[in-house]
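One structure below.
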Amino acid sequence: MNICSSLHNTNTSSPFYSPNSALIHSSKLFKPSLNYQNRRQFRRTTIQSVSNIDANVAEPQIKPVYTPTPTDRNLRTPHSGYHYDGSARKFFEGWYFKVAIPECRQSFCFMYAVQNPLFRKKLTALEEAQYGPRWTGVAAQILGADDKLIVQSSEESQNFWGSRHELMLGNTFVARDNLKSPKKETPPQDFNKRVLEGFQVTPLWHQGSISDDGRNNFAEVVKTARWEYSTRPVYGWGNVGSKQKATAGWLAAFPVFEPHWQICMAGGLSTGWIEWDGERFEFENAPSYSEKNWGGAFPRKWFWVQCNVFEGATGEVALTAGGGLRQLPGLSEKFENAALIGVHYEGVLYEFVPWNGVVEWEISPWGCWQISAENKTHKIELEATTQYSGTPLRAPTTESGFAPACKDTCWGDLTLKMWERSSNGSKGKLILDTTSNMAAVEVGGGPWFNSWKGRTFTPEVLNRALNVGVDVEGLFNFVPFLKPPGL
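In our numbering, the protein residues as written are 509 to 995.
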């Protein structure tokens, strides 16, 4: 085992960079104002073999500790569960989990999707005649170090499982020795005994191993990946210590204005290891993030910016911004602009959404994201740019199944500023001014012939409805047998 001495694309001016040590400690990323440990470690090593996903390599030095998911955990957001209701309608659900390692300026983005799960296998001719053409199955893809990609997919979903009301899911692509695939959260040792290729993820634990299926001719691929890490949530979607919110408001409990979007964990700290392209990345208290989408189909086009690694701020900062052109309910081909910005800063969520203000943007086909917003109390501006070409990623599509539909990189340069709003509507006191060179940025759908300028607009009747403080989850707790899946 050899310690890799070079850190690819490392910013040597970063407070997290230390070229003289393979084991790095830093307290500058997260301040202790929320009373969580600020100890950080990082180790990057060459492993002996990557030719087999079950390779015999030396044990990691940083070993995560598994904790079963509690029944009533803190920071759980609405819509943490699996939303499929058993109907025959076209449906997908997708999950996104990211770990960022500032010490080497690398990120790992784990993406899972299930499509039309009513059909556990590829449709028969009779089913296709009855329901029309449908794409089916489960897919796992990872955008990892150096913006390389790995994808494993199957047209079958009988080995996929998802918890009805908690952020827990998994899938077995290849079982060991024909053993029975897990159908719920299982201890890591049991998972490893039963699953050769697959994954399981909970709010507190994530493990798996996959091999590329050889279908990617549009990106630089990695043959195998293996990982195991624990996560300690710090931010959900809402103020720390308060009830967490539905990202898209209480109407997200109903199948309208699809697709829906929920940030499940705006910020957390992950500890463990990831094996990738002949190297093992070991980390302690690395910034992490998770979100999900579900519904009939992705928006016609969309943009997205996310970051948990910042310099220049005095406390913990987590940013998520995104928007899309989505179809309105009904049979007409009418679309609307929808967008939001959410910033968690020192335990508080600053939320800029169409029902409490206005969001505006100008997004180039690739390379520049300019987004601003204001509500009654604050104003915010962010700009992200990248000189990297980005990596095409797959997403569930109605026309082509799990197909290339967007482009991402985790090497975005970001500036973020937020002000208090003066009584006359102008910028008041500057309360946040920070930067990053590790923003995740994305554009998807299309067409993207030129820059997309947009502004949110919410009809007054809908604006009033969304501003009503409806606790949908609390209402269903009185009649739990009526509680819809996912909520």
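We put the CB at the ideal spot given by N, CA and C, even for glycine.
In this structure, Tyr858 is the residue among Glu790, Pro695, Tyr858 and Asn679 with its C-alpha nearest to the C-alpha of valine 748. Only residues of its own chain outside the window of five on either side were considered, and among them Cys815, Ala892, Ser944 and Ala947 have a CB closer than 6 angstroms to the CB of leucine 922, listed in chain order. In the three-state scheme derived from DSSP, where H, G and I count as helix and E and B as strand, asparagine 793 is classed as strand. Counting along the chain, tyrosine 639 sits inside the alpha helix (DSSP H) bounded by residues 633-639. If you look at asparagine 932, you'll find it isn't in any beta strand (DSSP E); DSSP assigns it neither H nor E. Each of Asp916, Gly933 and Thr942 was checked against the Cα of alanine 727, and the nearest Cα belongs to Asp916.
Judged by DSSP in its simplified three-state form, alanine 805 adopts coil rather than helix or strand. Around glycine 875, the same chain offers Thr893 and Thr894 as residues with beta carbons nearer than 7 angstroms, after the five sequence neighbours per side are excluded. When Glu693, Phe668, Val659 and Thr899 are compared, the shortest CA-CA separation from threonine 577 is found for Glu693.
Annotation: the stretch 801-876 contains the following complete segments of the beta strand (DSSP E) (minimum length 3 residues), in chain order: 809-815, 825-835, 843-853, 856-860 and 865-871. Note: phenylalanine 618 is bridge-paired with Phe605 and Ile650 in the DSSP secondary-structure output. Judged by DSSP secondary structure, phenylalanine 726 falls outside any beta strand (DSSP E); it is assigned neither H nor E.
When Asp655, Asn883, Glu928 and Glu663 are compared, the shortest CA-CA separation from threonine 632 is found for Glu663.
Annotated as proximal: glycine 645 and serine 665, with beta-carbon spacing under 9 angstroms.
Alanine 947 is bridged by DSSP to Gly920. Shown here, glutamate 611 sits in a helix according to DSSP, grouped into three states.
For lysine 887, the uninterrupted beta strand (DSSP E) run begins and ends at 886-893, by DSSP. For the set Ile782, Leu995 and Leu687, the Cα lying nearest the Cα of glutamine 715 is the one of Ile782. Distance between aspartate 580 and threonine 755, taken at the CA atoms: about 20 angstroms. Counting only residues of its own chain and dropping the five nearest sequence neighbours on each side, aspartate 721 has a CB closer than 8 angstroms to the CB of Val659, Gln660 and Ser661. With fewer than 16 other Cβ atoms inside 10 Å of its own Cβ, threonine 554 counts as exposed.
In this structure, the beta-carbon distance from phenylalanine 681 to asparagine 667 falls below 9 angstroms. With a cutoff of 9 angstroms on beta-carbon distance, glycine 803 and proline 862 are scored as not near each other. Of the residues Thr906, Leu827, Gly909 and Phe806, the one whose Cα lies closest to the Cα of valine 951 is Phe806. Here the stretch 784-791 does not lie against the stretch 617-637, with fewer than 3 beta-carbon pairs under 8 angstroms apart.
Going by DSSP, proline 900 is part of the beta strand (DSSP E) stretching over 899-905.
Under a 10 Å Cβ-count criterion, valine 703 is classified as buried, with 16 or more other Cβ atoms of the shown protein chains found around its own Cβ. Contact between the stretch 771-785 and the stretch 735-746 is present: three or more C-beta pairs spanning the two stretches fall below 8 angstroms. Its Cα nearest to that of proline 695, the residue Glu736 stands out among Glu736, Asn686, Glu674 and Ala683.
Annotation for asparagine 667: no beta strand (DSSP E) segment contains it, and DSSP assigns it neither H nor E.
A distance of 9 angstroms or more separates the beta carbons of glycine 670 and glutamine 614. Boundaries of the alpha helix (DSSP H) harbouring phenylalanine 699: 696-702, taken from the DSSP string. Distance between leucine 634 and valine 730, taken at the CA atoms: about 38 angstroms. Residue state for asparagine 624 is assigned as coil, using DSSP reduced to three classes. With respect to the 9 angstroms criterion, alanine 881 and leucine 848 are classified as neighbours on the basis of their beta carbons.
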